[in-house]
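Q: Just so we're aligned, residue 1 is where the sequence shown starts under UniProt numbering, counting upward by one.
Glycine included, C-beta positions come from ideal geometry on N, C-alpha and C.
Just so you know, these numbers come straight off a predicted model, no measurement behind them.
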Amino acid sequence: MSLLFASTKLARARQLKRQTRRVFKFDTVTDIQWTEFADKADALCAVLPSTFSSWHINQMCEYLQSRILKAANVTLPSSTVGNNYTPKVPKDLEILTQHYRFLNRLLHSIRLLRKYPSSYSAAHEHKWSTHLIRLQNILLLYKKVFTFIPILPSSLSSCRQDNFKSLLDDLSNISKSLRGFHLLQEKDFQDSSIRAHLDDRNNNYETDLSSFIESALSRTCRHIILDHVFIDHPTHPQLLTGHKDIDDAVVNHFQNFVPIKSTPPVSIDTLPDRWSSAYQPMDDVSSSIYDALMNPPTLDEWLSTISSTPNGKTPGPSMITYEMLKHLESRTSALLLILIHTCLSKADIPDLWRQAMVFPIPKPHEWKCQLKNTRPITLLEVIRKSLVKLFYNRLSSIMASHDVLKGGNFAGLPGGSCRDPIITLESIIHDADINKNPLWILSQDISKAFDSVDLTMLRFALERIRLPASAVKFILSLFTKRINSVFTAHGSTPAYRVRIGIDQGEVISSLLWVIYIDPLLTVLKNEIMDPYVLSTPSLIDSPNSSSNLKINNLVFMDDSTLIFSSKAGMESMLSITEEFYQINNTSANYNKYVLITNSLPLTSNSTLLPITFNLDLSSLNSIPSITITPISMTTSFRFLGVWFNIKSSRDFVKKQLKRECCSFAVTIRPAKLFAKQVVYLHNTVLIPKLEYRMQVTHLSESDCHLITRSIRSVVKHKANFSRSLPNPILFLSHALDYIACTIALLSSTSFCLLHTQLLKLPNLTLLNGHVPLFECMTPKAFKAYFPILRKRQLFYLSQLVTPQGTHLISWKAYYDNLVGRRGPGRIPYWYKDIQQVTTIPDTNNRLLAQFVTTPMIDSSFYELEPCFSSPPTTKNWIVTLDDYGSPFFGKQLLVQASRGTCSIVHWVSPDCEFSPGDLIRLSPCPGCVAHTPLAPSKKWNVDLTLCTPTVSLQHSLILPTTNERIRCNTSEVTSSFTWADIEDGVRLYYSRLDFDFDSPSDDIVEALVPPITIESSAAAVFAASPLVVSSDSRYTFFTDGSLINLGTPDVSMGWSWMQIVPDAGFPNSIATYAHGLIKDNPSSSRAEAAALYAVLTISLRDSEVTIYTDSQTAIDGLRKCSTHTYSNSRLYYKTTNFKLWAIIERTILSKNLTVLPVKVKAHSGNYLNDFVDSLANTAHTASSSILISGMDLASAHDFVLTYDNDIVCESNPRHLLK
C-alpha cells in the first residue's frame, strides 16, 4: 500500500474523533513488576475481612475492582491505543513524503496559473514567498539527489513573460527527482520491514508458535469499522454516517434482532399434556445429588479455577484480566473469595457484572455495512466468568456422573465429542446402502439459538432436572437486568437493556442450552415413530431385537438432524419440534433445512421435486406444512463439518482434501520458510484438518499419493531439491506420514530414517542412503539407465552392498532372489558400470576403499531359526561353525534331542568364504577329519561312505535351501542366502549360546529359545533365564520398573520380574527371577514396559500369564494390545514408547498368550511387590543385569526414526520434531 494513500486513512480517523483506551502489555511484564502489582493491590485492600463481609455485594465488587485496576495502572506497563491509523514509518521517510506532497500541490497551482493567467493576484505572490523558502530548504536537504539545482525566481511576476513555462519545467524536474528518491527510500523501508517481519516470524517459531502459524499462513483477523451503516430497506434505503444515527441503528438492531413472538406460560400446568409431562420434575433424579453444588468454595478450589483460565483474553468493561487475578496475593485473594462466597450464598451477582461490551465481528461473507451481517461477541467481567466456571465445573460433573439428561445431546458435558454422532451417521448411511433400507435425513437450522432462549422456559427446564431453587436463582441472575453497550468507530453506544437470550461468551451457556433443549429430545425419544433401526450384524437369524438400535435424531449442541425410515415418521417429529419452537420462542430457518433421502425415484429430467411434509395442527402449531427440496443422492451434505453422501461415495471428500492440500501449498510456496518450518505447519495445521474431514473416509495409497502431490512439490521446493527427486525419499511407508523422513532428509538435524524390515537378502528398496549411484557410475551410463534404476527403486550404492559393507553383491544373487527369476540372467550394462567403478578387479567384487562403509550388525540372520524350534522328526539343512571357526553345513540325519546333538550328512561350500557375495552352493563332502561312521541300522539302509559328523543343536541354525531332500542324483544344493548375509548372525549365535545344556535340574529348565523373528530380536538375551514349567500352562509373575537420576547424564532405567509358584520351596513361593536395564528415552513407564517385555519373551506359547504390577500405565498398555492399537499406524506414532509396545503386542499375538494384568497398590507392605521393586532398583549396578538396547528391538512397522544413528525415537513425532 502506498504511503500517500495512508494519509487519507489518517485524515478519516481524525474526522471521526475516535476514543482511546489503555491496554496492558503483559508480554513485557517481569516477575518483579508482578510482585509489585500484588504488593500494591494488597496495600490498597486495607479493609478487614470481617468489615468487608458486612458490606453489600455491590460495594464489595466496586471496592475490589477499583483497587485491582489502580494497582495495575501504577505498576504494570501499558499503552494508550485507539482506532487512529498511524503509519509506522521512519521520520526521514515521513518528512520526504510530506515534501513530495508539497511539490505536487505547488505544481498543481502553477499549472492552474498557466491555464488561467487572468487568475493571477497579489495573494499568489505572497504565497510564493513562503513556498520559495521551503523549496530552497528542500533543495539544500536533498542536494545529492539533484543532478542540477535550478535557480528559482524570487517573484512570480517575472515568470509571466513565458506564461510560467520555465518555472513549471524546473519544478517538474525537482518533483521527478524527488519522486525517484522517494520510491527508492520507500522500497528500502519495505525491504527492511519484510526482513524484520521474517526475523520476528523465525523467532516466533521458537517462542510463540501461534503467531508463527498466523504469519506463515498469512492469516488476518477480519474486522469491521462501524463508522457508517447501510439500512437495506426495500423502498427507502439509507446510508447512515452521523454519530447519533449510527448509535440508534446499532442499539435497535442488537436489542431487537431476536423478535419475541410468543408469551411464555405462567406455569407448566397450562401447557398441553405432552409438554406438561415433559417439563415435570424427573422421577429418576434425586435432588440430593446437588447438595454440595452451592457450598462455599475453598481457597484451593478457587485458585485452581483461576489457574485454569486462559491468558491473552479480552477483558470486560473494567479492563481487569485473568493475568491480574492469577498474580493476586493472599490479602486480595481472601477478599475476592469472600465476594465469591457472598454471590453463592445470596444466589446473586453484583450489578457491575451485569454490564457488558458487545464487539461486532463480520460473518464469513462480506458485511457490506449491514448489521445483519455481523455477529455480537459479548465481553464479560473475568471475575464473573471465573465464578461461573467454578459453578459449571461442579454442575457438569454432577450431571455427567449421574446421567441426568436423557435426550442424547452429545455436547455440553465433560466427555462429549462430535466423533460419536459422526460415526453413528456414517453407520446408518452404510447400513441403509448395504441393506437397501429406506432412509430420510433432515438437517435443521435453529436461528440465533442462544440469543432466543426464554428465561421462563429455562427456569422450567432447570426445575425439571430438580436443580435446587438457589442454583436456579443464581443461574437466572446471570441473565437478568443485563445492560450492554456496543463498540463503534465513535466510541461506545448508549447502554441498552437486553430483552432475551443468554450470552454466548458465558462459560455455562453451552450446558444451559443442552438442558434447555433436553425436553424436546426426550419427547422425540418417547414418541418415536418409524425411526431408523440399526441392526447388529449376526451370523444366525434371531427373533430377539433387543440389540437393535433405534435412532430418530442426532444432536450436537444446536445442530439437530432428524433421521427416519419413512416420511410419516418425519412428519410426526416435525410437528413435535414446531410445538417446542412455539413454546420456547425459537425460530427455525426453513430455507436452510437440508433433506436427503434414498426413497424417491428420479423424474424424467433427473431432477427432484419439492417434498411437502404435512404437520399435525394443534394449539401450539399453526403451520400446516413445510416444503423442502431434497438434494440429489449423488450430492454430498455436511454434518458437524464432515461431508457425507447417502450413496457412500467419497469423491467429494477426496476432492475436498485435495483442495485443502493445494490451498496449503499455494499459501506456503511463496512464503520465506525453512523446510523444518514447512514440516511443522504440515503436521500441526494441515494434518489435523485432514484427519477431521476424513473421519469416515478411508483412502487408498494411490488416493493419498494423488492428494498430497502438491505437498510433495512444495517440500522439494523449500528443501532446494529437484522436482525429479524420487518420492520415496520424502515419505514413510504410510501415506501422509512422512514427518520423520522429511526432518531427517530436508533439515540439518541429527535424525536419521532407518529400515527395520528383516529381509533375507540385503534390502534393495531404500537403505540409509550412503553414496548415491550417480557418484559411482559414469555420467553417460547413469543418464541412460536412470529410468531402469528408478523403476527398481535403486538410488544408493548401499542397496547393492553386502551387510559387511566390503563387497558388491553378485548379479546372480540379485537376479535370483530379488528379480524373482532363475538362471544367471544377462548382466546389464548398468551393473557392469557400477562394478567397474566401485570394485577391485579380480577380488570377487571387493569394494574400493572409498566405497567401503562401516559394517553394521545386520538383522537378516534373525530369519534363521534355531534347530531347537524344529520338531525332532523334521530333518533340516543346518549351518554352524567348526572348531576352527569356519562354516559347517549339513543335512540332519538323526536328532538326539535328549542329548542336544544331531548327526548330519556333511556338505561343503568351498567358495563361500572367498566369494561372500555369492549364494551358498553346497556339494557332498568328499571326506574330512570330521567324519564319524554311522552304525548300520535294520530300519534304514545306511551309506557307510557318507561323512556323518555329530554337531550340537544349541550351536546350529536352520539354513533354507532349494532342496529339502537329498536324492541319489543330487549333486548340488543352493541356499537363498549368501555367506555375507548370515556370517555375523551365525558367529554371534554360536558364541552367545555357549552354556551347559546337559545339567538342568528336574524342576527348573532353561527356557527354550523361541524362533528369533520380528517380534523380538532381543529374545536370545533371555534364553538363559530360568523358568519353572507349569503343567497347566498357567504362569504368575510380579514385575516392576525403576528410574533414577532423571535429567542427568547418569539416568538409568531398571526392570525386574519374578515368577511365583505355590510351594516352590522358596520364601513366599518365589520360584525364580531376573532383572536388567533398558536404554534410551528414559521414563518410568518405559521401565515398566520393559519388565513386561522380558516376561512375555520367556513365556511359552499358548500360556495364560498373570502379571501383578503397581503401574496403571503398564496395565493400560496391555489392554490396548488386546485392541490392536499398536498395529494401527494412525495410533502407533501417537503413543509414547510405541516401538516397545508394538513388540509386546506382536509377542502376545505370535505366541497366542492370554495376559491377565492385576493392579497392586504400590508400597502397601506387599512382600512380593516390594521384593520385585528391590530387584529393579539393584539392576542399575548389578553385573548380572541383562541389557535391552533400543536398536535390539525390531520394529513392528517398516521404518524407525533414530537420533545420532543410535537412539531410537519413541515419542510422538509431532511433539518430538516441533
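Does the distance from the C-beta atom of L640 to that of L574 stay below 7 Å?
A: Not a contact, by the Cβ cut-off of 7 Å.
Q: If you follow the beta strand (DSSP E) that Q850 is part of, which residue opens it and which one closes it?
A: Premise fails: Q850 is in no beta strand (DSSP E) and is neither H nor E.
Q: Quick check on Y142: does DSSP put it in helix, strand or coil?
A: Note: Y142 maps to coil in three-state DSSP.
Q: Given this structure, state the Cα-to-Cα distance separating residue 1284 from V908, to the nearest angstrom.
A: In the structure as shown, the chain starts at 1 and stops at 1218, and residue 1284 therefore has no counterpart that could be examined.
Q: Within 10 angstroms of the Cβ of K368, are there 16 or more other Cβ atoms? Answer buried if so, exposed if not.
A: It counts as exposed.
Q: Kindly indicate the opening and closing residues of the beta strand (DSSP E) around L919.
A: From DSSP, the beta strand (DSSP E) with L919 extends over 919-924.
Q: Let me make sure I understand the geometry here. Which of V1172, I475, T978 has the alpha-carbon closest to that of F1038?
A: The shortest Cα separation from F1038 among V1172, I475, T978 belongs to V1172.
Q: Could you tell me how far apart the beta carbons of N548 and I528 are, in whole angstroms, since I believe they sit closer than 8 Å?
A: Contact flag wrong, Cβ pair sits at about 13 Å.
Q: Which whole-angstrom value describes the C-beta separation of L339 and M60, a residue pair presumed to lie in contact below a C-beta threshold of 8 Å?
A: About 5 Å separates the two Cβ atoms, so the contact holds.
Q: For residue 1220, which residues from the same chain have a beta carbon less than 8 Å from its beta carbon, with the 5 sequence-adjacent residues on both sides left out?
A: Outside the shown range of the chain (1 to 1218) lies residue 1220, about which nothing can therefore be said.
Q: Is it buried or exposed, F148, if we count other Cβ atoms within 10 angstroms and call 16 or more buried?
A: Exposed, because fewer than 16 other Cβ atoms sit within 10 Å of the Cβ of F148.
Q: If you drop the 5 nearest sequence neighbours on each side, which residues of the same chain put their C-beta closer than 8 Å to that of T342?
A: Same-chain partners within the cutoff: S53, I57, M60.
Q: Taking C-beta to C-beta, are L617 and Q582 nearer than 7 Å?
A: It is not a contact, given that the beta carbons lie outside the stated cut-off.
Q: Would you mind working out which of L336, S118, F580, I428 sits nearest L64, comparing C-alpha positions?
A: Considering only alpha carbons, the answer is L336.
Q: Please report the distance separating the alpha-carbon of S333 from that of S386.
A: Their Cα atoms are separated by approximately 13 Å.
Q: Roughly how many angstroms lie between the CA atoms of V1028 and I434, to the nearest whole one?
A: Their backbone Cα atoms lie some 53 Å apart in a straight line.
Q: Just to confirm, does T978 get its C-beta within under 6 Å of one of the non-hydrogen atoms of the ligand PLP?
A: Here there are no bound small molecules, and the ligand PLP is not part of this structure.
Q: How many angstroms separate the CA atom of I95 from the CA atom of C661?
A: Using only the alpha carbons, I get a separation of about 46 Å.
Q: Can you tell me where the beta strand (DSSP E) holding R638 begins and where it ends?
A: Looking at the DSSP string, the run of the beta strand (DSSP E) that includes R638 is 637-639.
Q: Report yes if the C-beta distance between I465 and I563 is below 7 Å; otherwise report no.
A: No, they are not a contact pair.
Q: Within 10 angstroms of the Cβ of H126, are there 16 or more other Cβ atoms? Answer buried if so, exposed if not.
A: H126 is exposed by the Cβ-count criterion.
Q: Give the C-beta separation of G569 and L380 to the nearest angstrom, bearing in mind that I take them to be a contact with Cβ-Cβ under 8 Å.
A: Actually they do not touch by this definition, with Cβ atoms about 42 Å apart.
Q: Assign T235 to one of two classes, buried (16 or more other C-beta atoms within 10 Å of its C-beta) or exposed (fewer than that).
A: By the 10 Å Cβ count, T235 comes out exposed.
Q: Alpha carbons only, please: which of T1097, I1115, T1113, W877 is nearest the one belonging to S1150?
A: The shortest Cα separation from S1150 among T1097, I1115, T1113, W877 belongs to T1097.
Q: Determine, using beta-carbon pairs with one atom in the segment 961-981 and one in the segment 909-917, whether at least three such pairs fall under 8 Å.
A: The answer is yes - the segment 909-917 touches the segment 961-981, with three or more Cβ pairs under 8 Å.
Q: From what residue to what residue does the beta strand (DSSP E) around Y1108 run?
A: Residues 1104-1109.
Q: From the DSSP output, read off the bridge partner residues of T1154.
A: Partner(s): E1104.
Q: So is G885 buried or exposed if we call it buried at 16+ other beta carbons inside 10 Å?
A: Under this definition G885 is an exposed residue.
Q: Could you say which of A1182, F24, S702, I1107 lies nearest to S318 if we only look at CA atoms?
A: Selected option, being the one with the closest Cα: F24.
Q: Mapping the DSSP letters down to three states, classify H131 as helix, strand or coil.
A: Note: H131 maps to helix in three-state DSSP.
Q: Give me whichever residues DSSP pairs with M357 in a beta bridge.
A: Answer by DSSP bridge pairing, in chain order: L379, S485.
Q: According to DSSP, S587 sits in a beta bridge with which residue or residues?
A: In DSSP, S587 forms a bridge with S447.
Q: Taking contact to mean 3 or more Cβ pairs, one atom from each stretch, closer than 8 Å, check whether the segment 591-598 and the segment 454-468 are in contact.
A: Contact fails: fewer than three Cβ-Cβ distances are below 8 Å.
Q: With DSSP collapsed to three states, give me the class of L758.
A: Any reading at L758 must be qualified, since the residue scores a pLDDT of 33, below 50, and its modelled position is unreliable; no value is offered.
Q: Where does F721 sit, in a helix, a strand or coil, going by DSSP?
A: Of the three classes helix, strand and coil, the one that applies to F721 here is coil, per DSSP.
Q: Give me whichever residues DSSP pairs with H1075 in a beta bridge.
A: DSSP, once it has assigned bridges, lists S1056 as partnering H1075.
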